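K.L.:
In structure tokens, the structure reads:
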């Protein structure tokens, strides 16, 4: 498949991590060693999670990312292929990104993220995939890769006429030049507060603010007013992948031509379904599951 010959519904540009999760009775104090009760490895990274969510929601999805030349990178690349994602992977000399996660008996955690290869998703990597970005219907980005690369990807996609979505996580201050490139920004309630509120985002040039509110659903804010998308009633057991599920489903729905209200309803359903299962990638719902809940 050559870059210029294929138009994707959704292109995701972002991070790929291997999550290393240790379960402990209590989190260690500085200088202390504690015994763990369980250890597991999971695919992760907001970029990878959202690419899988988009694909499972039904979108023809491409993913631009950086992986190390290591076993973790091989594992994550295989997952992308198994999920049916068109993986545009740049092999990097740094290790694949890792998240080191300790979880105690009460569900509290401490997390150390080592970006590794993700930190090298540079402007040259974005430029190498210009054709893919120019031929996308929707571009979805997050903030776990260099900010300059996010801005470049958004700018190229806008030239091609794509609709652009930014999930501003982890939250950081964003200047007007990047916000003006966002048709839709999709923060949670904590991230939108750190960014100065929805009104400030609209004033900076964002067209639509979609705020995920967890168990309270989704709020859509535009220059014309606010709209509340009610939550779906589910039994939530783990919200780890809920936000990424919502982002991927929203991108898929917008690419299919749905308006923002219908797209946000599907995003709310996807987030709710993800909260009913453990893990991130393992919890992301399929098209049929989303259809069933929405209808």
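In the numbering used here, the protein residues as written are 283 to 577. We treat Cβ as the ideally placed atom computed from N, Cα and C, and that holds for glycine. Just so we're clear, the structure is a prediction, and the values are computed from it rather than from any experiment.
1. Going by CA-CA distance only, name the one from 526, 527, 436 that's closest to residue 412.
2. Indicate the three-state DSSP secondary structure (helix, strand or coil) for residue 460 in the structure shown.
3. Go ahead and label residue 472 buried or exposed: buried means 16 or more other beta carbons lie within 10 angstroms of its beta carbon, across all protein chains shown.
4. Given a cut-off of 8 Å, decide if residue 425 and residue 450 are closer than it, judged by their beta-carbon atoms.
5. Could you give the residue range of the alpha helix (DSSP H) that holds residue 543?
6. For residue 406, count neighbouring Cβ atoms within 10 angstroms of its own Cβ and tell me buried if that reaches 16, exposed if not.
7. Unbroken beta strand (DSSP E) runs of length 3 or more, entirely within the stretch 400 to 426: which are they?
8. Bridge partners for residue 561 per DSSP, in chain order?
9. Roughly how many angstroms separate the alpha carbons of residue 545 and residue 481, rounded to a whole number?
10. If you draw a straight line from the C-alpha of residue 375 to the C-alpha of residue 489, how long is it?
11. What residue from 463, 299, 506 has the CA that sits closest to residue 486's CA?
12. Could you give the uninterrupted runs of the beta strand (DSSP E) lying entirely in the stretch 493 to 523, keeping only those of 3 residues or more?
13. Tell me whether residue 304 sits in a helix, a strand or coil according to DSSP, three-state version.
14. Report yes or no: do the stretch 301 to 310 and the stretch 524 to 537 share at least 3 C-beta pairs separated by less than 8 Å?
15. Is residue 373 helix, strand or coil by DSSP?
16. Indicate the three-state DSSP secondary structure (helix, strand or coil) for residue 526 in the structure shown.
17. Run through the DSSP bridge pairs and tell me what residue 446 is partnered with.
18. Are the stretch 306 to 325 and the stretch 499 to 518 touching, with three or more C-beta to C-beta distances below 8 Å?
19. Could you tell me which of 404, 429, 444 sits nearest to residue 459, measuring between CA atoms?
20. Does DSSP classify residue 576 as helix, strand or coil?
21. Whole angstroms is fine: what's the gap from residue 568's alpha carbon to residue 313's?
22. For residue 379, count neighbouring C-beta atoms within 10 Å of its own C-beta (all shown protein chains included) and say buried if the count is 16 or more, exposed if not.
23. Given that a residue counts as buried once 16 or more other Cβ atoms are within 10 Å of its Cβ, and exposed if not, what is residue 394?
24. Would you kindly report the start and end of the unbroken alpha helix (DSSP H) that includes residue 357?
25. If you follow the alpha helix (DSSP H) that residue 386 is in, where does it begin and where does it stop?
26. Run the CB neighbour count on residue 560, radius 10 Å, all protein chains shown included, and call it buried at 16 or more, exposed below.
P.N.:
Judging by the given coordinates:
1. Selected option, being the one with the closest Cα: 436.
2. It is helical.
3. Answer is exposed; the Cβ neighbour count stays below 16.
4. Yes, these two residues count as a Cβ contact at 8 Å.
5. Going by DSSP, residue 543 is part of the alpha helix (DSSP H) stretching over 542 to 556.
6. By the Cβ neighbour-count rule, residue 406 is exposed, with fewer than 16 other Cβ atoms within 10 Å of its own.
7. As far as the stretch 400 to 426 is concerned, its whole beta strand (DSSP E) runs of at least 3 residues are 418 to 423.
8. The partner list for residue 561 (beta bridge, DSSP) is empty, contrary to what the question assumes.
9. Residue 545 and residue 481 have their alpha carbons spaced roughly 22 Å apart.
10. Going from the Cα of residue 375 to the Cα of residue 489 covers about 39 Å.
11. Ranked by Cα distance from residue 486, the options 463, 299, 506 are led by 463.
12. For the stretch 493 to 523, whole beta strand (DSSP E) runs of length 3 or above, ordered along the chain, are 500 to 504, 507 to 511.
13. The three-state secondary structure of residue 304, taken from DSSP, is strand.
14. Contact between the stretch 301 to 310 and the stretch 524 to 537 is absent: fewer than 3 CB-CB pairs across the two stretches fall below 8 Å.
15. The DSSP-derived three-state label of residue 373 is strand.
16. Look at residue 526 here: in three-state DSSP terms it is helix.
17. BP columns for residue 446 point to 421.
18. Verdict: no, contact absent.
19. A check of alpha carbon separations from residue 459 across 404, 429, 444 identifies 429 as the nearest.
20. Looking at residue 576 - three-state DSSP - the assignment turns out to be helix.
21. The alpha-carbon separation between residue 568 and residue 313 amounts to approximately 44 Å.
22. In summary, residue 379 is buried, with 16 or more beta-carbon neighbours lying within 10 Å of its beta-carbon over all protein chains present.
23. With fewer than 16 Cβ atoms within 10 Å of its Cβ, residue 394 is classed as exposed.
24. It spans 353 to 364 - the alpha helix (DSSP H) in which residue 357 sits, taken as one unbroken run.
25. For residue 386, there is no enclosing alpha helix (DSSP H), as DSSP marks it with neither H nor E.
26. Classification of residue 560: exposed, given that the 10 Å Cβ count is below 16.
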